[in-house]
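For reference, the structure is listed below as structure tokens.
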Amino acid sequence: RRLMDMDLDKLGVSVHYLKTQFIEEVRQAGLDETSNIYQIEDLDEPARSGVIRKKGLNTISPTDGKIGAAYVHCLEGDDNVGVANYMLSYVWEYTIGDIIDTLDS
77 RRLMDMDLDK
87 LGVSVHYLKT
97 QFIEEVRQAG
107 LDETSNIYQI
117 EDLDEPARSG
127 VIRKKGLNTI
137 SPTDGKIGAA
147 YVHCLEGDDN
157 VGVANYMLSY
167 VWEYTIGDII
177 DTLDS
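Residues 77 to 181 in my numbering are what the sequence shown spells out, letter by letter.
Put into structure tokens, the structure is as follows:
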């Protein structure tokens, strides 16, 4: 399904995407599974977009038509994005590997 056909407010990133594509984006940024969220997306350096903000930096948002889209709105394909089944709450000190492993179990 196309992103435009979905309820944009209810989308979530799939565990499959996190395990395959997102972790690869983390590695390409010079990080790995032991990296904390604050290392992946360091908000203390707003001029430097981390892995998450970089994805939608130059993408037109489907919600408001402006440049700068949410990460989830940059994904395509049923294996990668869809209606969220769960709400994940985490702290920035968790490692991305622990988050992915927990979601995958």
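Cβ coordinates follow ideal geometry from the N, Cα and C atoms, glycine included.
I143 sits exposed, since fewer than 16 C-beta atoms from the chains shown fall within 10 Å of its C-beta. Distance between V148 and V167, taken at the CA atoms: about 19 Å.
In this structure, the alpha-carbon of T110 lies about 11 Å from that of R103. Among the bridge pairs identified by DSSP, L87 is matched with V159.
Its Cα nearest to that of K130, the residue E101 stands out among V91, Y93, E101 and D177. Listed in chain order, the alpha helix (DSSP H) runs fully inside the segment 90 to 142 are 99 to 104, 113 to 116 and 127 to 132, counting runs of at least 4 residues.
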